[in-house]
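For reference, the structure is listed below as structure tokens.
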Amino acid sequence: HTPTVDDPFAALNPQQRAAVEHDVGSAEPRPLLVVAGAGSGKTNTLAHRVARLIGGGADPQRILLLTFSRRAANEMTQRAGGVLQKTMGLALSHAPTTLPWAGTFHAIGARLLREYAGRIGLDESFTIHDRSDSEDLMGLVRHEIGLTQGQKRFPLKGTCLSIYSRAVNSRDPLELVLKTTFPWCAEWEAQLKTLFGAYVDAKQEQNVLDYDDLLLFWAEMAADPELGPEIGARFDHVLVDEYQDTNRLQAAIIQGMKPDGRGVMVVGDDAQSIYSFRGATVRNILDFPQQFSRPAEVITLDRNYRSTQPILDASNAMIEQAVERHAKQLWTDKHSSSKPQLVLIPDEAEQARWVCNRILEHREAGIPLTQQAVLFRAASHSAALELELMRRNIPFVKFGGLKFLEAAHIKDVLAVLRFAQNPSGRMAGFRVAQMIPGIGPATATRLLDIVSEAADPSGAVEAFEPPARCKEDWQQFVALYRALRAPGLRWPGDIELVKNWYLPHLERMHDDPQVRAADVGQLAALAGGYGSRESFLAEITLDPPEATSDRAGPPLLDEDYLILSTIHSSKGQEWRSVHVLNVVDGCIPSDMATGSMEEIEEERRLLYVAMTRAREHLQLVVPNKFFIKQQAQMGDRHVYAQRTRFISPAMLKHFEECAWLDAQTAHSRQPMPEAVRMLVRERARNAWK
Ligand code: ATP
Ligand code: MG
Numbered sequence: 002h003t004p005t006v007d008d009p010f011a012a013l014n015p016q017q018r019a020a021v022e023h024d025v026g027s028a029e030p031r032p033l034l035v036v037a038g039a040g041s042g043k044t045n046t047l048a049h050r051v052a053r054l055i056g057g058g059a060d061p062q063r064i065l066l067l068t069f070s071r072r073a074a075n076e077m078t079q080r081a082g083g084v085l086q087k088t089m090g091l092a093l094s095h096a097p098t099t100l101p102w103a104g105t106f107h108a109i110g111a112r113l114l115r116e117y118a119g120r121i122g123l124d125e126s127f128t129i130h131d132r133s134d135s136e137d138l139m140g141l142v143r144h145e146i147g148l149t150q151g152q153k154r155f156p157l158k159g160t161c162l163s164i165y166s167r168a169v170n171s172r173d174p175l176e177l178v179l180k181t182t183f184p185w186c187a188e189w190e191a192q193l194k195t196l197f198g199a200y201v202d203a204k205q206e207q208n209v210l211d212y213d214d215l216l217l218f219w220a221e222m223a224a225d226p227e228l229g230p231e232i233g234a235r236f237d238h239v240l241v242d243e244y245q246d247t248n249r250l251q252a253a254i255i256q257g258m259k260p261d262g263r264g265v266m267v268v269g270d271d272a273q274s275i276y277s278f279r280g281a282t283v284r285n286i287l288d289f290p291q292q293f294s295r296p297a298e299v300i301t302l303d304r305n306y307r308s309t310q311p312i313l314d315a316s317n318a319m320i321e322q323a324v325e326r327h328a329k330q331l332w333t334d335k336h337s338s339s340k341p342q343l344v345l346i347p348d349e350a351e352q353a354r355w356v357c358n359r360i361l362e363h364r365e366a367g368i369p370l371t372q373q374a375v376l377f378r379a380a381s382h383s384a385a386l387e388l389e390l391m392r393r394n395i396p397f398v399k400f401g402g403l404k405f406l407e408a409a410h411i412k413d414v415l416a417v418l419r420f421a422q423n424p425s426g427r428m429a430g431f432r433v434a435q436m437i438p439g440i441g442p443a444t445a446t447r448l449l450d451i452v453s454e455a456a457d458p459s460g461a462v463e464a465f466e467p468p469a470r471c472k473e474d475w476q477q478f479v480a481l482y483r484a485l486r487a488p489g490l491r492w493p494g495d496i497e498l499v500k501n502w503y504l505p506h507l508e509r510m511h512d513d514p515q516v517r518a519a520d521v522g523q524l525a526a527l528a529g530g531y532g533s534r535e536s537f538l539a540e541i542t543l544d545p546p547e548a549t550s551d552r553a554g555p556p557l558l559d560e561d562y563l564i565l566s567t568i569h570s571s572k573g574q575e576w577r578s579v580h581v582l583n584v585v586d587g588c589i590p591s592d593m594a595t596g597s598m599e600e601i602e603e604e605r606r607l608l609y610v611a612m613t614r615a616r617e618h619l620q621l622v623v624p625n626k627f628f629i630k631q632q633a634q635m636g637d638r639h640v641y642a643q644r645t646r647f648i649s650p651a652m653l654k655h656f657e658e659c660a661w662l663d664a665q666t667a668h669s670r671q672p673m674p675e676a677v678r679m680l681v682r683e684r685a686r687n688a689w690k
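Here's what the structure looks like:
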């Protein structure tokens, strides 16, 4: 391969190039770990490697690319396509279809399981439970085995699911999980064991899988002496991004498929590990070099291409304080005279106004909205900002918050589709039956019991006799059900059928049927992009499209819009300007995380992730008064907040500090009452000491 003038490989630095060229052409490429700090080009290097492999003759069908989100998979496929195009005049223009095995662990797991279902005793028509279905099933099972009566302090269904999930993903015994992560539930160990046993039985009876099962069954297949190598042999290359946020089960999957690590390349940054609450562990990175029968090569990158030096200085200074040291000092040649801003603001309403002003200033200065983001710790923290954005007509899209699919009417439509696919799934069935007027929980339960005992579940649905008053509505549903199960129906025609059946119910149940009908229409449009009902239901459950808060659908793609995102969902991305909201104690670190040192340290890494998303401008906003949602009995309230403990006085030299008086701009509202003003001023004066 000969470099040309706009050869994208020529732009790579020597370490990146070494990673891209690693054992290219060898029949047995050794395992490779790239461990490097934020913005050092890990993802970019991975994309170049994909391009290099395909350019060198690798079959895209035989490349497994595992990412943290579907969005990340698409972006990387596109990047690889761009590189290929430049170097070889080859186009991966329909990117997602040309790297057929790019996606999240869960989505790829679902596909493989569907394919191998028969071999591992699964029924291939299984449906997948999202988090809320899983919680509901846990609650139901808990009720059925009588764990609620007289046991008031027994953990809530959501907590039970978290404990179960943690045990599955970490591969640790329940006892240890309880001791280390849920000590307040440890007294219930025996009952939890019974509960989890019944929960697993219920899933199997109903032919449903939850998120954890997708990894668990995949890991089981991978560990199988026959299936493991067989699945492994389908792929010549297995590439994983964001490896620091994988868990034990995911590492086991890779190892099972590729015991000698052949063709395995993972990239990650231990300083950005932020998913340990889901069982992810940086041990995966630390253990990787010795995990396979052949030792892995390790490459580190230390040049940052994303951020200006002042932003890097501030981020480095912050992460340097970590208890577990991350021995990476990043450097860049992007000089800038402007330091990140640390902005002290009286309260969240002012924070919203100030952030809006700043965003508009940036836009005036030539930074489009899509190149700006506002990040926050929890999805609810952007409420005040969203109001202000709407008031000022600034379009935005929100990531990581309430999902489109969580709306009741969308869940209804999906439940009908799931029920048609798998009538044994009780969560979907329960929801569907009760959409029919006159059918309540008792009748729904009777239906589901009959179905679960029938040799032919589908026939049982059709033969069911509901109370006379709902006969007509039930018959209409059965007609739909038959149509949905009939062979030869072309996707996404199903959705149209469901929609027509559903509209009268929508009018009956809700007072804003038009808005909801529009959403259902949008779902139908979305469905068109998937090949089949199974793949639509699986993918949409695993990686739901994002909701927007200001309108029914996402803005048109060519429109300029601002990004709002939780810090967790901002992983791997970058913007020219980044605002971080509520950089106060109680928020980062979160009040809920103050339990152990590990949790606090994870919060520090979270702030590091947020800061290192910025390319040119970084604004950390510190509201002096901050609204927290508390436990029910105490009510919500405002608290006075302090700048986060992660920014120590010694670190202030890395920031340009502005108190609220400077931060206020001409657009702002009337002055605050004198008393508040004095208080704020007083606090502003002391906050920096
Ligand atoms: P994170 O840890 O946040 O995921 P990363 O290490 O994956 O970051 P990338 O997102 O791959 O970093 O790259 C950061 C930015 O640097 C991107 O805009 C990328 O295009 C750019 N970049 C990477 N390598 C080079 C290079 N050799 N020359 C020029 N720009 C580069
Ligand atoms: Mg990355």
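Just so we're on the same page, full-length UniProt numbering is the position in the sequence shown counted from 1, plus 1.
Glycine is no exception: its CB is placed at the ideal position from the N, C-alpha and C atoms.
When the options are compared against residue i, the one with the closest alpha-carbon
i: Val25; options: Leu54, Glu603 and Phe10; result: Leu54
i: Val209; options: Asp495, Arg427 and Glu466; result: Arg427
i: Phe10; options: Val84, Gln62 and Leu33; result: Val84
i: Gln86; options: Tyr117, Arg470, Glu145 and Val51; result: Val51
i: Phe166; options: Lys194, Pro184, Asp213 and Gln207; result: Checking the sequence, you will find Ser at residue 166 rather than Phe. Selected option, being the one with the closest Cα: Asp213.
i: Lys340; options: Gln16, Gly57 and Phe656; result: Phe656
i: Glu600; options: Pro15, Gln251, Phe183 and Thr105; result: Phe183
i: Gly489; options: Arg447, Arg534, Ser27 and Leu524; result: Arg534
i: Lys626; options: Asp495, Tyr641 and Thr613; result: Tyr641
i: Phe236; options: Lys194, Ile275 and Pro101; result: Pro101
i: Asp303; options: Ala37, Gln643, Arg63 and Arg31; result: Ala37
i: Arg112; options: Leu215, Lys259, Glu29 and Ala252; result: Leu215
i: Ala487; options: Val516, Gln292, His506 and Glu463; result: Glu463
i: Val283; options: Asp561, Gln245 and Ala199; result: Gln245
i: Pro230; options: Met258, Leu148, Ile254 and Ala480; result: Met258
i: Ala615; options: Asn305, Ser453 and Leu175; result: Asn305
i: Val268; options: Ile275, Thr247 and Gln256; result: Thr247
i: Tyr503; options: Ala518, Asn358 and Pro493; result: Ala518
i: Ile146; options: Lys194, Ile109, His107 and Ala651; result: Lys194
Cα-Cα separation, residue i to residue j
i: Leu361; j: Ser337; result: 21 Å
i: Arg322; j: Asn170; result: Inspection of the sequence shows that residue 322 is occupied by Gln rather than by Arg. Rounded to the nearest angstrom, the two C-alpha atoms are 29 Å apart.
i: Leu563; j: Met391; result: 12 Å
i: Glu473; j: Asp512; result: 24 Å
i: Pro424; j: His144; result: 22 Å
i: Pro555; j: Lys399; result: Only weak support exists for where Pro555 lies, its pLDDT of 45 falling under 50; the value from the coordinates is given anyway. Cα to Cα, Pro555 sits roughly 9 Å from Lys399.
i: Ala353; j: Ile312; result: 23 Å
i: Ile451; j: Arg71; result: 39 Å
i: Arg491; j: Tyr531; result: 12 Å
i: Leu228; j: Pro458; result: 31 Å
i: Glu617; j: Arg577; result: 5 Å
i: Leu507; j: Pro514; result: 6 Å
i: Ala553; j: Arg393; result: Any reading at Ala553 needs caution, since the residue's pLDDT is 32, under 50, leaving its predicted position unreliable; the model's value is listed next. Using only the alpha carbons, I get a separation of about 18 Å.
i: Val142; j: Gly430; result: 16 Å
i: Asp592; j: Val585; result: 10 Å
i: Ala253; j: Leu217; result: 10 Å
i: Trp332; j: Gly140; result: 51 Å
i: Ala224; j: Ile121; result: 12 Å
i: Ala528; j: Phe537; result: 6 Å
i: Ala220; j: Leu250; result: 6 Å
i: Asn14; j: Lys654; result: 31 Å
Strand pairing of residue i, partner residues [DSSP]
i: Ala37; result: Leu302
i: Ala615; result: Trp576
i: Cys588; result: Ser591
i: Leu376; result: Ser566 and Val581
i: Gly104; result: Leu67
i: Glu227; result: Beta-bridge pairing links Glu227 to no other residue.
i: Gln273; result: The partner list for Gln273 (beta bridge, DSSP) is empty, contrary to what the question assumes.
Is it a yes or a no for the segment 73–87 touching the segment 178–197, going by three-plus beta-carbon pairs under 8 Å? no
Cβ pair count under 8 Å reaching 3, the segment 405–417 against the segment 368–382: no
Whose CB is closer than 7 Å to a heavy atom of ligand 2? List the residues in chain order. Lys43, Thr44, Asp242, Glu243 and Gly573
Can at least three beta-carbon pairs, one atom from the segment 278–297 and one from the segment 305–318, be found at a separation below 8 Å? no
Taking contact to mean 3 or more Cβ pairs, one atom from each stretch, closer than 8 Å, check whether the segment 39–54 and the segment 274–282 are in contact. no
Inter-stretch contact (C-beta, 8 Å, three-pair minimum) for the segment 597–609 and the segment 426–446: no
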